[in-house]
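Q: I have a structure here, written as structure tokens, and I will follow up with some questions on it.
Protein chains: 2
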Amino acid sequence: MPSQEPSDAGRPASRGSSPLAKRLLIGEPLPSDKLEGQLLPKHLALPIFASDPLSSVAYAPQELLMILMIGGFGFVAYGPWVALAVVVLLLVVVLSYRQLIKAYPSGGGDYEVARKNLGEKAGLIVAAALLVDYVMTVAVSVASGVDNIISALPFLDPYRVWLAVVAVVILAAVNLRGVRESSTAFAIPTYLFIGSIAVMLITALVRVLLGDAPIAESVDLELESESLAQAAFILLILRSFASGCAALTGVEAIANGVPAFRRPKIKNAQATLMIMGGIAITLFSGLVAVAIVTGVRYLDCTEQVYRDAAACTTDPQRSLIAQIASATFGDFTVPFFIVQGATAAVLLLAANTAFNGFPLLGSVLAADKYAPKSLSTRGDRLIFSNGVIALSITAIAILVAFQADLTTLIQLYIIGVFTSFTLGQTGMVRHWIRLLRRGADGRGAIIRSLSINLVGATMTLSVLIVVTITKFTHGAWIVFVVMPILWFLMLGVNRYYRDVDREIAVDADTTFGASGDHAVVLVGRMQKPTLKALDYAIAARHDSIEAVHVAIDDDAADRLDLEWASQNIKVPLRILESPYRDISAPLISYLKSRRATHGAEVITVYLPEYIVGHWWENLLHNHKARRMRHKLMLVHGVVVALVPWLLDSSDLLYGRRSRPLPGQDRRGEPVRPRPVKREQIRTAAPPKRKPRP
Amino acid sequence: MPSQEPSDAGRPASRGSSPLAKRLLIGEPLPSDKLEGQLLPKHLALPIFASDPLSSVAYAPQELLMILMIGGFGFVAYGPWVALAVVVLLLVVVLSYRQLIKAYPSGGGDYEVARKNLGEKAGLIVAAALLVDYVMTVAVSVASGVDNIISALPFLDPYRVWLAVVAVVILAAVNLRGVRESSTAFAIPTYLFIGSIAVMLITALVRVLLGDAPIAESVDLELESESLAQAAFILLILRSFASGCAALTGVEAIANGVPAFRRPKIKNAQATLMIMGGIAITLFSGLVAVAIVTGVRYLDCTEQVYRDAAACTTDPQRSLIAQIASATFGDFTVPFFIVQGATAAVLLLAANTAFNGFPLLGSVLAADKYAPKSLSTRGDRLIFSNGVIALSITAIAILVAFQADLTTLIQLYIIGVFTSFTLGQTGMVRHWIRLLRRGADGRGAIIRSLSINLVGATMTLSVLIVVTITKFTHGAWIVFVVMPILWFLMLGVNRYYRDVDREIAVDADTTFGASGDHAVVLVGRMQKPTLKALDYAIAARHDSIEAVHVAIDDDAADRLDLEWASQNIKVPLRILESPYRDISAPLISYLKSRRATHGAEVITVYLPEYIVGHWWENLLHNHKARRMRHKLMLVHGVVVALVPWLLDSSDLLYGRRSRPLPGQDRRGEPVRPRPVKREQIRTAAPPKRKPRP
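The listed protein sequences correspond, in order, to chains A and B.
According to UniProt numbering, the residues represented by the first sequence are 1 to 693, in order.
According to UniProt numbering, the residues represented by the second sequence are 1 to 693, in order.
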């Protein structure tokens with residue numbers, strides 16, 4: 001509805017989403033207890049929001065150690081220190097987001113925080129970073145998932161890229177079909193992953209303590225250690241740290257999902273975040289430790305040194321988790337397959353979260369007028385589908401271009417993550433400073449929060465710089481090309497909407513004063529849709545009315561003329577000659593000439609339009625009607641009145657069920673039941689008959 | 001325009017195209033001499049229509065001889081006899097089409113003849129055959145063209161498929177852009193081809209007579225002759241003949257293009273056909289003869305026997321024309337390159353003809369209601385573009401699937417050609433018999449014509465049977481799968497339209513009698529488009545009128561309420577609550593409840609709609625308006641009145657030039673100038689004010 005569009009897109013997201021959320025969550029028209037049933041208890045919120053952050057421990061330890069080993073296997077000794085740095089960073093980021101949940105419980109996340117506190121342009125940087133991130137989440141998670149599947153079933157190695165593409169297609173299909181995320185089916189893989197990795201780590205440690213330390217299959221790999229210059233050494237440690245930071249991806253998920261939690265929302269979300277952080281830190285440290293103890297070797301095959309290594313040319317390297325599982329439980333045993341299965345499943349689940357986040361971000365951007373307004377129709381399956389398809393195609397393109405190679409893909413990944421982290425934290429710092437200046441209550445608490453976010457901002461910015469320096473030439477430059485393009489596009493859309501708003505704003509000079517009222521009913525053949533249009537036009541009691549037929553075929557025109565007379569229709573029929581077999585040109589030129597003689601008259605042109613039940617029927621109908629409508633809309637003083645004719649097949653349009661849209665649980669929105677009762681109507685002024693002049 | 005649709009699609013093509021053609025070609029409103037300038041003189045009609053049939057001599061001799069050589073190079077001795085059979089057939093077909101031009105000068109071709117004389121189902125077989133044919137014309141001509149390019153520039157061999165795909169893409173781009181076929185630029189390649197091949201053949205023959213016979217590079221290829229059983233021998237001769245029949249493809253082009261000829265049309269078209277036939281026969285016989293004399297060897301690499309031959313595994317085989325040109329003029333000399341260039345050019349030109357024929361056939365089928373009515377809008381660039389894109393994608397898919405291999409593609413080609421030949425000729429036989437029965441004048445001439453077409457039908461049917469038998473297992477079965485599918489689809493479309501026509505036909509029970517007249521103006525924000533809609537609604541003087549706002553946001557609703565009061569708008573504003581952020585549901589439920597209380601009232605809902613100037617602006621506007629319109633159209637008694645609001649950018653819509661559509665020259669249609677003078681208006685009854693009751 002166009003006249004409504006500016007109104008509902010005009011409010012900024014922050015204000016837009018909170019009254020909506022309030023209305024949805026706190027009150028009418030559904031009874032609260034019913035709504036509460038839609039909200040997530042912690043034990044379900046944890047797996048739903050944590051599949052993304054937790055899944056990243058499936059690849060972060062491997063990438064961290066892999067980079068160290070570029071310098072030689074002796075460098076593994078630095079592993080615990082690098083891992084410790086990652087853990088500290090993870091802890092700081094978790095604590096920072098704990099602040100964010102409290103300050104912005106509406107679920108807007110880093111984008112909202114940056115936009116409100118740092119201004120539009122910073123907000124758009126975050127938005128661009130997040131868009132890139134969603135695509136990379138799909139690509140990296142799927143690549144890692146496929147990696148773990150191949151580690152368990154090595155004969156699938158030749159089909160790596162195909163498997164990745166098929167996985168994305170399946171995710172897209174599932175999402176296009178519609179999924180309810182809150183179902184416990186979604187919780188199982190995450191718990192299974194946490195459980196099986198924990199059991200594996202404990203088993204390995206117990207075996208170490210019992211003096212029966214598991215030994216990785218790749219422990220015998222030999223490689224000459226080069227002696228590195230000090231600069232190269234520091235760079236290597238930094239690169240290792242940068243890759244290990246992949247463990248932080250997805251931490252923001254809980255902060256974005258606060259509205260979906262059961263009350264007390266903030267407390268529950270904060271508790272879930274802390275639990276998630278604890279689990280992530282435990283699993284990450286455990287995996288790094290056990291990998292070092294069991295002597296896992298993992299080569300970075302993109303490096304020149306390894307070009308001729310057997311592990312890079314013939315055998316597929318097995319993932320770090322697979323090597324540990326194999327060493328701990330024995331190769332191809334049941335527990336080994338459980339670990340691999342759970343890891344692959346949780347990674348695909350993490351990819352799935354991007355399919356929810358992408359359209360949600362689109363709707364927020366649309367509400368803020370940085371994306372086409374049509375994206376703000378969150379309940380719109382068509383728009384949602386377009387988002388899913390766009391995301392899938394981009395992810396598939398990237399997976400194919402980089403041959404589903406995890407190590408290459410990771411280079412492109414965390415730039416976006418840390419861009420949004422840094423700007424989000426900086427925004428929080430601004431937020432607390434503002435509160436302090438305003439002299440809000442609880443200065444102590446505010447200063448504590450400020451400190452946490454200040455540390456967070458500093459550290460994430462440092463990591464962003466490190467990541468940029470160490471990864472730029474390894475592929476991250478692509479992100480630095482794409483993000484500005486997205487940024488300019490979003491800004492351009494916003495400026496466009498602003499210009500249009502200015503153009504259509506009502507000002508002092510705005511005067512309208514159409515007078516006169518003429519109706520034209522376009523007649524083709526004497527058929528029911530035409531007669532219905534004629535009937536409606538007569539019912540509307542226009543000042544004058546005429547039927548118009550454009551004569552493509554003289555015989556048909558003569559026949560119509562006779563039928564018109566024989567049916568005794570009171571409305572006069574005017575026949576326009578059409579020398580070029582064209583219907584619109586003669587009609588338009590007639591309308592123009594009529595307006596030229598009758599002044600600023602409004603002419604309503606009645607067009608019948610078929611309503612059909614199958615999508616393919618649209619290929620068979622209404623094409624000319626559409627063209628005609630578009631052309632008539634360009635003529636001054638013309639209103640096009642569409643009179644629907646429902647073909648029998650249109651019965652199919654009723655009785656369709658509404659399916660849940662992915663992301664509804666995540667936003668805390670109930671699946672909308674069809675409203676049955678009559679809407680409450682508030683009348684501004686009593687409707688009254690307009691006196692006819 | 002929907003009401004017009006049944007009318008102009010209702011006439012059968014035969015009746016539909018001739019009055020149009022008449023009106024277009026003989027008279028008003030453009031002066032005749034101006035129109036005559038658009039029509040083709042013979043020297044331009046020949047190259048335009050003959051590129052397709054003449055280009056086939058570029059591959060037919062090669063395929064004919066190639067098949068013979070499967071039995072051993074000794075079998076080349078049968079070449080002249082097989083070629084003679086092809087020449088006789090070509091002559092018969094040319095004479096048959098000479099009859100068809102006289103009997104059906106409207107340009108409908110075999111489809112029209114078969115449909116009129118043999119009934120709907122035979123007509124649809126021809127239509128399906130022609131659709132397959134157009135795709136194969138593109139595929140075969142491009143493959144052969146690329147073959148000749150590679151023969152001249154052998155280093156391009158690894159890129160064969162890519163070259164073919166690029167050629168199709170270029171053809172598609174040129175056609176999407178719009179081409180004037182009548183320009184002499186299109187005539188040059190055909191004349192150059194005829195000329196250069198003729199010079200080459202004469203040079204070769206003169207050298208033979210002077211005792212300096214040119215010798216082909218492949219003359220030394222050795223192959224053991226197998227002794228064939230008699231059945232195998234006959235099959236080989238038949239297969240060779242079937243492949244040689246590729247020379248006949250495209251002969252029907254002139255018969256389809258009669259309306260585009262200068263007067264006397266029939267005489268000119270017939271003369272052009274005979275000239276084309278003469279040239280085709282000369283070039284075909286000459287090429288076969290010179291190929292045999294110079295000892296060209298060409299292997300069918302799809303045959304098992306040749307699997308290990310060097311010519312099939314390493315070297316690209318050079319086309320027969322390239323081998324002759326190289327032997328006659330010397331390898332890589334200027335005349336050699338001229339021959340190859342002209343051959344490649346005329347083949348691409350032949351492919352181009354399919355890009356014209358495909359949408360034209362679509363429009364004829366649409367007029368007969370066997371294809372979506374939208375295709376009958378011949379002047380519609382959008383529809384035409386869709387046709388071009390569909391044709392290109394199919395041709396590219398086939399070229400890629402068969403690796404642009406001419407020999408494989410030819411197997412699929414001539415099934416369709418001979419299906420339409422046979423049914424067309426059979427239809428002509430029926431036509432003459434009917435004329436005889438009716439006792440028409442000139443029995444002698446009719447009986448002569450009948451005999452020619454009878455011979456034609458018998459021979460083409462025989463060839464069709466031979467082709468089917470010899471090619472079925474070589475890939476032609478695909479055509480026998482696709483054609484029935486197309487046939488059923490077209491029949492299904494026809495049955496659908498028939499059912500709809502029946503559904504909307506006016507019968508004795510048809511009564512309409514809407515009464516009451518209420519207007520609803522949908523208001524979002526107080527903006528100009530809304531005020532314009534309101535103004536128009538007021539001007540239309542409905543019995544009652546109200547503005548309706550759906551309150552997504554309570555604050556915005558309150559603001560609107562105040563503005564409404566302050567602007568002193570007389571129309572009452574009704575505000576509907578929307579608990580689910582949904583605009584349409586509350587409005588629809590309000591409209592339904594209103595109709596429930598007010599009886600069979602017509603409610604006109606006014607919606608503003610933005611008119612924009614750039615395609616991308618549509619991505620930013622009107623989405624909700626479209627959804628709203630679709631939903632409102634399902635409500636009983638509702639008319640949707642679209643009030644256009646022209647954004648500044650919509651100025652761009654004016655001042656666009658019209659580009660010629662490919663196929664316009666071919667159909668003899670002038671490029672339509674924008675009508676400037678007022679159309680002649682014929683009024684059935686004087687328009688008068690309807691008395692208000």
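Built from N, CA and C at the ideal position, the CB exists for glycine as well.
1) In chain order, which continuous runs of the beta strand (DSSP E) of length 3 or greater are located wholly inside the segment 450-527 of chain A?
2) Taking 8 Å as the threshold (beta carbon to beta carbon), is residue 529 of chain B in contact with chain A?
3) Give a yes or no on whether the minimum CB-CB distance between residue 367 of chain A and chain B is below 8 Å.
4) For a quick check, are the C-beta atoms of residue 406 of chain B and residue 240 of chain B less than 8 Å apart?
5) Between residue 537 of chain A and the rest of its own chain, which residues show a CB-CB distance below 7 Å, the 5 nearest in sequence each way excluded?
6) With distance defined between alpha-carbon atoms, name the residue in B:584, B:343, B:131 nearest to residue 576 of chain B.
7) For the alpha helix (DSSP H) that contains residue 562 of chain A, what are its first and last residues?
8) Tell me where the beta strand (DSSP E) around residue 547 of chain A begins and ends.
9) Out of A:46, A:326, A:135, A:82, which one is the CA nearest neighbour of residue 393 of chain A?
10) Quick check: what's the CA-CA separation for residue 164 of chain A versus residue 61 of chain A?
11) Do you know how far the Cα of residue 168 of chain B is from the Cα of residue 426 of chain B?
12) So, helix, strand or coil for residue 298 of chain A, using DSSP?
13) For chain B, check one thing: does any of its Cβ atoms lie closer than 8 Å to the Cβ of residue 558 of chain A?
14) Going along chain A, which residues have a C-beta under 8 Å from residue 516 of chain B?
15) Can you give me the Cβ contacts of residue 269 of chain B inside the same chain, cut-off strictly under 8 Å, excluding the 5 residues immediately before and after it?
16) Closest to residue 483 of chain A by C-alpha separation, out of A:238, A:155, A:443, A:416, would be which residue?
17) Tell me the residue span of the alpha helix (DSSP H) that contains residue 604 of chain A.
18) Does the distance from the CB of residue 617 of chain A to the CB of residue 645 of chain A come in under 8 Å?
19) Looking at C-alpha atoms only, which residue of A:366, A:463, A:578, A:487 is the closest neighbour of residue 86 of chain A?
20) Can you pull the chain B neighbours of residue 490 of chain A, defined as C-beta to C-beta under 9 Å?
21) Quick check on the burial criterion: 16 or more other C-beta atoms within 10 angstroms. Buried or exposed for residue 567 of chain B?
22) From this set, A:336, A:276, A:280, which residue's C-alpha is nearest residue 196 of chain A's C-alpha?
23) Residues in its own chain within less than 7 Å of residue 694 of chain A by CB, not counting five upstream and five downstream?
24) Compare the Cα-Cα distances from residue 345 of chain B to each of B:171, B:250, B:303, B:449 and report the closest residue.
25) May I ask you to report which of helix, strand or coil DSSP gives residue 189 of chain A?
26) Once the 5 residues before and after residue 204 of chain A are set aside, which same chain residues still bring their CB inside 6 Å of it?
27) With a threshold of 6 Å on Cβ separation, who are the neighbours of residue 629 of chain B within its own chain once the five nearest residues in sequence on each side are excluded?
28) Quickly, what does DSSP pair residue 641 of chain B with across the bridge? List them, please.
29) Residues of chain B with a CB under 8 Å from the CB of residue 505 of chain A: which are they?
30) Keeping to the same chain, check which residues put their C-beta closer than 8 Å to that of residue 408 of chain A; ignore five residues upstream and five downstream.
31) Spell out the partners DSSP gives residue 261 of chain B in its beta bridges.
32) Could you give the residue range of the beta strand (DSSP E) that holds residue 574 of chain A?
33) Could you tell me the distance, in whole angstroms, from the CA atom of residue 21 of chain A to the CA atom of residue 125 of chain A?
34) Please identify the residue among B:188, B:316, B:208 whose C-alpha is closest to the C-alpha of residue 343 of chain B.
35) Which class does residue 647 of chain A belong to by DSSP, given the choice of helix, strand or coil?
36) Output yes if chain A places a C-beta closer than 8 Å to the C-beta of residue 331 of chain B; else output no.
A: This is what the structure gives:
1) 517-522
2) Walking along the second sequence from the start, residue 529 of chain B turns up at place 529. It does: the Cβ of residue 529 of chain B has a partner Cβ on chain A nearer than 8 Å.
3) Along the first sequence, one-based indexing puts residue 367 of chain A at 367. Not an interface residue.
4) As a working mapping, residue 406 of chain B is identified with position 406 in the second sequence. As a working mapping, residue 240 of chain B is identified with position 240 in the second sequence. Going by C-beta atoms, residue 406 of chain B is not nearer than 8 Å to residue 240 of chain B.
5) Sequence index remark: in the first sequence, residue 537 of chain A carries index 537 (1-based). Same-chain partners within the cutoff: 519, 521, 545, 606.
6) Position 576 of the second sequence, counted from the first residue, corresponds to residue 576 of chain B. The alpha carbon of residue 576 of chain B has as its nearest neighbour, out of B:584, B:343, B:131, the alpha carbon of B:584.
7) Here residue 562 of chain A corresponds to residue number 562 of the first sequence, with the count starting at 1. Segment 554-566, the alpha helix (DSSP H) holding residue 562 of chain A.
8) Sequence index remark: in the first sequence, residue 547 of chain A carries index 547 (1-based). Residue 547 of chain A -> beta strand (DSSP E) spans 544-551.
9) What you label residue 393 of chain A is simply residue 393 of the first sequence in a count that begins at 1. Of A:46, A:326, A:135, A:82, the smallest CA-CA separation from residue 393 of chain A is found for A:135.
10) Taking the first residue of the first sequence as 1, we reach residue 164 of chain A at position 164. Taking the first residue of the first sequence as 1, we reach residue 61 of chain A at position 61. Roughly 22 Å between the two C-alpha positions.
11) Along the second sequence, read from residue 1 onward, the residue named residue 426 of chain B stands at position 426. Along the second sequence, read from residue 1 onward, the residue named residue 168 of chain B stands at position 168. Their backbone Cα atoms lie some 34 Å apart in a straight line.
12) For the purposes of this step, residue 298 of chain A is identified with residue 298 of the first sequence, where counting begins at 1. Under the three-state reduction of DSSP, residue 298 of chain A is assigned to coil, being neither helix nor strand.
13) As a working mapping, residue 558 of chain A is identified with position 558 in the first sequence. Judged by the 8 Å Cβ criterion, residue 558 of chain A is not in contact with chain B.
14) Here residue 516 of chain B corresponds to residue number 516 of the second sequence, with the count starting at 1. Using a Cβ-Cβ cut-off of 8 Å, residue 516 of chain B is close to 539 of chain A, given in chain order.
15) Looking up residue 269 of chain B in the second sequence gives position 269. The residues 45, 101, 105, 254, 255, 257, 258, 261, in chain order, have a CB closer than 8 Å to that of residue 269 of chain B in the same chain once the five nearest residues on each side in sequence are set aside.
16) The residue labelled residue 483 of chain A in the question sits at position 483 within the first sequence. If we check each option's Cα against that of residue 483 of chain A, A:416 comes out closest.
17) Taking the first residue of the first sequence as position 1, residue 604 of chain A is located at position 604. According to the DSSP assignment, residue 604 of chain A belongs to no alpha helix (DSSP H) but to the beta strand (DSSP E) extending over 602-611.
18) To locate residue 617 of chain A, count along the first sequence from 1; it is residue 617. To locate residue 645 of chain A, count along the first sequence from 1; it is residue 645. In this structure, residue 645 of chain A does not lie closer than 8 Å to residue 617 of chain A by Cβ.
19) Taking the first sequence and counting its residues from 1, one reaches residue 86 of chain A at position 86. Of A:366, A:463, A:578, A:487, the residue nearest in Cα terms is A:463.
20) Walking along the first sequence from the start, residue 490 of chain A turns up at place 490. Those do not exist, as residue 490 of chain A stays about 12 Å from chain B at its closest Cβ, beyond 9 Å.
21) Locating residue 567 of chain B in the second sequence gives position 567, where the first residue counts as 1. Exposed, by the Cβ-count rule.
22) Counting from one through the first sequence, the residue named residue 196 of chain A turns up at place 196. With distances taken between Cα atoms, residue 196 of chain A lies closest to A:336.
23) Absent from the structure is residue 694 of chain A, since the part of chain A shown begins at 1 and ends at 693.
24) Numbered from 1 along the second sequence, position 345 holds the residue referred to as residue 345 of chain B. Among B:171, B:250, B:303, B:449, the Cα nearest to that of residue 345 of chain B belongs to B:171.
25) On the first sequence, position 189 is the one that residue 189 of chain A refers to. Residue 189 of chain A: helix per DSSP, three-state reduction.
26) Counting from one through the first sequence, the residue named residue 204 of chain A turns up at place 204. Cβ within range, chain order: 214, 290, 328.
27) Start at 1 with the first residue of the second sequence, and residue 629 of chain B comes out as number 629. Contacts found: 640.
28) In the second sequence, the residue the question calls residue 641 of chain B occupies position 641. Its beta-bridge partners are A:641, B:606.
29) Counted from its first residue, the first sequence places residue 505 of chain A at position 505. Near residue 505 of chain A (Cβ distances below 8 Å), the residues of chain B are 527, 528.
30) Reading the first sequence from its first residue, position 408 is the one you call residue 408 of chain A. Answer for residue 408 of chain A: 302, 402, 474, 475, listed in chain order.
31) For the purposes of this step, residue 261 of chain B is taken as residue 261 along the second sequence, with counting starting at 1. Bridge partners of residue 261 of chain B: B:40.
32) One-based indexing of the first sequence puts residue 574 of chain A at position 574. Per DSSP, residue 574 of chain A belongs to the beta strand (DSSP E) from 573-577.
33) By one-based count along the first sequence, residue 21 of chain A stands at place 21. By one-based count along the first sequence, residue 125 of chain A stands at place 125. Low local confidence applies: a pLDDT of 42 at residue 21 of chain A is under 50, so the model's placement there is unreliable, with the coordinate-based value given in what follows. Rounded to the nearest angstrom, the two C-alpha atoms are 26 Å apart.
34) Within the second sequence, the letter at position 343 stands for residue 343 of chain B. The shortest Cα separation from residue 343 of chain B among B:188, B:316, B:208 belongs to B:188.
35) Locating residue 647 of chain A in the first sequence gives position 647, counting from the first residue. In the three-state DSSP reduction, residue 647 of chain A falls in the coil class, being neither helix nor strand.
36) As a working note, residue 331 of chain B is residue 331 in the second sequence. No, its Cβ sits nowhere closer than 8 Å to a Cβ of chain A.
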